[in-house]
Amino acid sequence: MAAGVKAGELRELSEEELVARLREAKAELFNLRVQGATGQLDNNRRLQVIRRDIARIYTIMRERELGLSAAPTEVTGS
1 MAAGVKAGEL RELSEEELVA RLREAKAELF NLRVQGATGQ LDNNRRLQVI
51 RRDIARIYTI MRERELGLSA APTEVTGS
């Protein structure tokens, strides 16, 4: 899975889900850096993909903060 997450997919997530994705991506980045430092990293490209995913998440969070885009609203059936 060398491909990252698309921005459209991230925009469909709620704020809590974005924070959870960010936390997971940062944890994976940390693990990849440790693997790189110990010489166990097989896929160097994965580091760049994860860094870009983190940047995408931060960008979408900032867009919502500035009001440039809105978080998806949950539709409740009545």
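full-length UniProt numbering numbers the first residue of the sequence shown as 1 and each following residue consecutively. Even for Gly, the Cβ is constructed at its ideal location relative to N, Cα and C.
DSSP places V34 in the uninterrupted alpha helix (DSSP H) bounded by E15 to A37. Residues of the same chain with a CB within less than 7 Å of the CB of G8, apart from the 5 flanking positions on each side, do not exist. Straight across, the Cα-Cα distance linking L68 with R11 is about 12 Å.
Taking 8 Å as the upper bound for CB-CB distance, L29 and R21 are not in contact here, some 12 Å apart. When C-alpha distances from K6 are compared across D53, T38, P72 and R46, the shortest belongs to D53. Less than 9 Å separates the beta-carbon of L18 from that of I57. Here the alpha carbon of Q48 sits roughly 20 Å from the alpha carbon of M61. A37 sits exposed, since fewer than 16 C-beta atoms from the chains shown fall within 10 Å of its C-beta.
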